[in-house]
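**Student:** First to last, the protein sequences are chains A and B. First residue of the first sequence? That's 84 in the numbering used here, and the numbers climb one at a time after it. First residue of the second sequence? That's 84 in the numbering used here, and the numbers climb one at a time after it.
2 protein chains.
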Amino acid sequence: MHHLGFAVIDLDEAVATYERLFGATLEHREVVPDQGVEAASVLLGTSRVELLAPTGDDTPVGRFLAKRGPGMHHVAYEVPDVGAALAGLERAGAELIDHAPRRGLFGLEVAFVHPDAVHGVLTEVVCPV
Amino acid sequence: MHHLGFAVIDLDEAVATYERLFGATLEHREVVPDQGVEAASVLLGTSRVELLAPTGDDTPVGRFLAKRGPGMHHVAYEVPDVGAALAGLERAGAELIDHAPRRGLFGLEVAFVHPDAVHGVLTEVVCPV
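1) What residues in the region 107-123 of chain B bring their beta carbon closer than 7 angstroms to a beta carbon of chain A?
2) Express the C-alpha separation of residue 208(B) and residue 160(B) in angstroms, rounding to a whole number.
3) Which of the three DSSP states is assigned to residue 213(A) in this structure?
4) Decide if the region 161-169 of chain A is in contact with the region 177-192 of chain A; the criterion is three or more beta carbon pairs, one per stretch, under 8 angstroms apart.
5) Closer than 8 angstroms, Cβ to any Cβ of chain A: which residues of the region 190-203 of chain B, in chain order?
6) Run through the DSSP bridge pairs and tell me what residue 137(B) is partnered with.
7) List the residues of chain B whose Cβ lies closer than 7 angstroms to the Cβ of residue 100(A), in chain order.
8) When the cut-off is 8 angstroms and only beta carbons count, does residue 135(A) lie next to chain B?
9) Give me the chain B residues within the contact set of residue 103(A), using Cβ-Cβ distance strictly less than 7 angstroms, ordered along the chain.
10) Report all residues from its chain with a CB closer than 8 angstroms to the CB of residue 139(B); omit the five preceding and five following residues, and keep chain order.
11) Per DSSP, what kind of secondary structure is residue 162(B) in: helix, strand or coil?
12) Do the region 171-183 of chain B and the region 97-116 of chain B make contact, defined as three or more Cβ pairs closer than 8 angstroms?
13) So is residue 97(B) in contact with chain A if we call contact Cβ pairs under 8 angstroms?
14) So with CB distances below 8 angstroms, who are the chain B contacts of residue 127(A)?
15) Where does residue 205(A) sit, in a helix, a strand or coil, going by DSSP?
16) Does residue 154(A) get closer than 8 angstroms to chain B when you measure Cβ to Cβ?
17) Given a cut-off of 8 angstroms, decide if residue 178(B) and residue 199(B) are closer than it, judged by their beta-carbon atoms.
18) Check whether the Cβ atoms of residue 156(A) and residue 135(A) lie closer than 8 angstroms to each other.
19) What separation, rounded to the nearest whole angstrom, lies between the Cα atoms of residue 196(B) and residue 205(B)?
20) Going by alpha carbons, who is nearest to residue 129(B) out of 91(B), 141(B) and 85(B)?
21) Where residue 132(A) and residue 90(A) are concerned, what is the direct C-alpha to C-alpha distance, given to the nearest angstrom?
22) If you draw a straight line from the alpha carbon of residue 87(B) to that of residue 151(A), how long is it in whole angstroms?
23) For the alpha helix (DSSP H) containing residue 144(B), list its first residue and its last residue.
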């Protein structure tokens with residue numbers, strides 16, 4: 084597992100919560116205007132959580148929050164090759180959101196699988212570059 | 084991270100999906116009538132996913148499915164000592180669901196932190212026994 088993505092309303096508060104409750108440490112933080120998100124990745128031991136706050140209401144994370152409230156947003160599995168993983172998923176009949184690898188947060192190569200293909204779980208495949 | 088818990092409607096179908104899409108292998112499977120759940124843990128590489136199907140509508144997972152549909156249910160972090168982790172969480176001001184360790188699925192020692200304390204994420208601390 085590369086990381087878990089959690090949608091939050093206030094990024095500063097969420098980072099502080101993970102530091103206080105779980106001794107998490109901040110790994111990266113960035114605003115990605117074209118994805119409508121401000122993201123912080125925090126490490127809990129060897130586990131990584133991406134905290135995602137929307138930059139506005141009409142953004143993917145903003146719409147998620149309006150519909151479901153803050154909480155678990157996606158899971159990302161690390162793969163050696165995102166393109167090969169997508170090809171395998173497509174052969175296995177999975178509905179894809181991204182049909183080719185693209186640049187995700189923090190410079191990662193990523194692609195998303197549709198939650199309908201994975202029993203409601205928005206699933207990402209990731210290759211650190 | 085010890086595991087992720089995902090709520091599903093049909094456990095056989097969900098296990099088959101994880102095998103087919105991600106090459107997952109079944110680690111354990113059991114029905115726990117007093118928790119109202121049939122659970123399968125599957126391994127994706129070194130990551131563990133607990134697939135949780137309700138044994139009836141009036142169960143915690145049944146009510147979750149009725150309200151939110153299938154999807155991400157909880158995250159479990161491994162700790163060396165659940166009691167000590169709870170004490171630390173309580174000192175840090177976290178609202179707890181379980182104030183003492185209890186027996187969870189697959190013989191694990193577990194306790195749950197209230198999602199309101201963790202920005203909407205139902206969080207478990209786990210110690211394999």
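Idealized CB from N, CA, C, for every residue including glycine. Quantities reported herein were computed from a predicted structural model and do not represent experimental measurements.
**Tutor:** So, to answer that:
1) Those would be none; no residue qualifies.
2) What you label residue 160(B) is simply residue 77 of the second sequence in a count that begins at 1. What you label residue 208(B) is simply residue 125 of the second sequence in a count that begins at 1. Across the structure, residue 160(B) and residue 208(B) are spaced so that their CA atoms are roughly 5 angstroms apart.
3) It is not possible to answer for residue 213(A), since the shown part of chain A is limited to 84 through 212.
4) Short answer: they touch.
5) Against chain A - using a Cβ distance shorter than 8 angstroms - the residues of the region 190-203 of chain B are 196, 198, 200, 201, 202 and 203.
6) Here the question's residue 137(B) lines up with position 54 in the second sequence. DSSP output for residue 137(B) lists 120(B) as bridge partner(s).
7) Translated into the one-based positions of the first sequence, residue 100(A) becomes position 17. In chain order: 201 and 202.
8) Here the question's residue 135(A) lines up with position 52 in the first sequence. In terms of beta-carbon proximity, residue 135(A) stays away from the interface with chain B, with every pair separated by 8 angstroms or more.
9) Residue mapping note: residue 103(A) aligns to position 20 of the first sequence, counting from 1. Those within 7 angstroms of residue 103(A) in chain B are 175.
10) Numbered from 1 along the second sequence, position 56 holds the residue referred to as residue 139(B). Taken in chain order, the residues that qualify are 119 and 145.
11) Counting from one through the second sequence, the residue named residue 162(B) turns up at place 79. The answer is coil: DSSP assigns residue 162(B) none of H, G, I, E or B.
12) No: the two stretches stay apart, fewer than three of their Cβ pairs being nearer than 8 angstroms.
13) Looking up residue 97(B) in the second sequence gives position 14. So yes, residue 97(B) belongs to the interface.
14) For the purposes of this step, residue 127(A) is taken as residue 44 along the first sequence, with counting starting at 1. Here the neighbours are 84 and 160.
15) Taking the first sequence and counting its residues from 1, the one referred to as residue 205(A) is at position 122. If DSSP states are grouped into helix, strand and coil, residue 205(A) belongs with coil.
16) Locating residue 154(A) in the first sequence gives position 71, counting from the first residue. At a cut-off of 8 angstroms between beta carbons, residue 154(A) contacts chain B.
17) Start at 1 with the first residue of the second sequence, and residue 199(B) comes out as number 116. Start at 1 with the first residue of the second sequence, and residue 178(B) comes out as number 95. Taking 8 angstroms as the Cβ cut-off, residue 199(B) and residue 178(B) qualify as a contacting pair.
18) Here residue 156(A) is taken as the residue at index 73 of the first sequence, counted from 1. Here residue 135(A) is taken as the residue at index 52 of the first sequence, counted from 1. Yes; because the gap between Cβ atoms is below 8 angstroms, this pair is in contact.
19) Walking along the second sequence from the start, residue 196(B) turns up at place 113. Walking along the second sequence from the start, residue 205(B) turns up at place 122. The straight-line gap from Cα to Cα measures roughly 7 angstroms.
20) Position 46 of the second sequence holds residue 129(B). Nearest of 91(B), 141(B) and 85(B) to residue 129(B), Cα basis: 85(B).
21) Position 49 of the first sequence, counting from 1, holds the residue named residue 132(A). Position 7 of the first sequence, counting from 1, holds the residue named residue 90(A). Between the alpha carbons of residue 132(A) and residue 90(A) lies a gap of roughly 11 angstroms.
22) Reading the second sequence from its first residue, position 4 is the one you call residue 87(B). Reading the first sequence from its first residue, position 68 is the one you call residue 151(A). Taking the straight line joining both Cα atoms gives about 19 angstroms.
23) Stepping through the second sequence from its first residue, residue 144(B) is reached at position 61. In this chain, the alpha helix (DSSP H) harbouring residue 144(B) covers 143-151.
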